[in-house]
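J.: Residue numbers (my numbering): 5 to 195.
Submitted below is the structure of interest, expressed as structure tokens.
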């Protein structure tokens, strides 16, 4: 699964719209396989490998005495640059003029495919979108009344419906709420 969009790094992992979008698939994999899910994040999606390599060369050549950690700050937020140096074992103190071709290639590859391992999703208490619920096959689509229990109506995220980010889940909640409400009112009026 591949998506393009905004994401952010948080104190406990990643967040943002694209993360919410991808969490649907991650949750399925975690529930099915139980193991971690591997991601690759392209931190420079506007640049292909060749253009990114040219940018790195330019940055290194234009400031030969600057430390690699300082150069990285021009490519990404400072906090992420510090993690890149530490976690991926780049020598942040090395002058730009001493960065080898091998290290530049490794840096480019990391920027284009930052590896990330997801071991769990946030608990339900912190959820912005839920997945699962009452199976649609057990609900009359014209009234949203249970096929098993007359007079029981379902709406919103209690139903097993989820959509892409961008208001679709909110629209589903509003639409099913209206239909279930009208249907329940009509059901009660007939009693």
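Heads up, the beta-carbon is just placed ideally off N, CA and C, and yes, glycines get one too.
Because the structure is a prediction, the values reported are computed rather than measured.
(1) Of all the options 193, 192, 124, which has the alpha carbon lying nearest to the alpha carbon of residue 29?
(2) For a test of the three-state rule: what should DSSP assign to residue 186, helix, strand or coil?
(3) Between the C-alpha atoms of residue 33 and residue 64, what's the straight-line distance to the nearest angstrom?
(4) Please list, in chain order, all residues of the same chain as residue 68 whose beta carbon is under 7 Å from its beta carbon, the five residues on each side excluded.
(5) Suppose you measure from the CA of residue 45 to the CA of residue 120; what does that come to, to the nearest Å?
(6) Is the stretch 81-96 in contact with the stretch 107-121, if contact means three or more CB pairs nearer than 8 Å?
(7) Shortest alpha-carbon distance to residue 167 belongs to which of 187, 24, 16?
(8) Helix, strand or coil, according to DSSP, for residue 89 in the structure here?
(9) May I ask you to report which of helix, strand or coil DSSP gives residue 21?
(10) With a threshold of 8 Å on Cβ separation, who are the neighbours of residue 128 within its own chain once the five nearest residues in sequence on each side are excluded?
(11) What would DSSP say about residue 27, mapped onto helix, strand or coil?
(12) What residues in its chain sit with their C-beta under 7 Å from that of residue 51, if we drop five residues either side in the sequence?
(13) Threshold first: 4 residues or longer. Then list the alpha helix (DSSP H) segments lying entirely within the stretch 40-88, N to C.
(14) Buried or exposed: residue 173, going by 16 or more other Cβ atoms within 10 Å of its Cβ?
T.: Straight from the coordinates:
(1) Taking the chain shown and counting its residues from 1, one reaches residue 29 at position 25. Nearest neighbour of residue 29 by Cα position, chosen from 193, 192, 124, turns out to be 124.
(2) Translated into positions along the chain shown, residue 186 becomes position 182. DSSP, read as helix, strand or coil, puts residue 186 in helix.
(3) As a position in the chain shown, residue 33 is number 29, starting the count at 1. As a position in the chain shown, residue 64 is number 60, starting the count at 1. So the two alpha carbons sit approximately 41 Å from each other.
(4) The sequence position of residue 68 within the chain shown is 64, counting from 1. Setting aside the 5 residues that flank it on each side, residue 68 is surrounded in the same chain by 99, 100, 101, each with a C-beta closer than 7 Å to its C-beta; the list follows chain order.
(5) Taking the chain shown and counting its residues from 1, one reaches residue 45 at position 41. Taking the chain shown and counting its residues from 1, one reaches residue 120 at position 116. Spanning the two alpha carbons is a distance of roughly 7 Å.
(6) Yes: at least three Cβ pairs fall under 8 Å.
(7) Taking the first residue of the chain shown as 1, we reach residue 167 at position 163. For residue 167, the nearest C-alpha among the options comes from 24.
(8) Reading the chain shown from its first residue, position 85 is the one you call residue 89. Note: residue 89 maps to helix in three-state DSSP.
(9) The count along the chain shown starts at 1 and reaches residue 21 at position 17. In the structure shown, residue 21 falls within a helical segment according to DSSP collapsed to helix, strand and coil.
(10) Here residue 128 refers to the residue found at position 124 when the chain shown is read from its first residue. Answer for residue 128: 134, listed in chain order.
(11) In the chain shown, residue 27 corresponds to position 23, counting from 1. If DSSP states are grouped into helix, strand and coil, residue 27 belongs with the helices.
(12) The sequence position of residue 51 within the chain shown is 47, counting from 1. Around residue 51: 59.
(13) DSSP runs (the alpha helix (DSSP H)) wholly in the stretch 40-88: 53-66, 72-77.
(14) Locating residue 173 in the chain shown gives position 169, where the first residue counts as 1. Label assigned to residue 173: buried.
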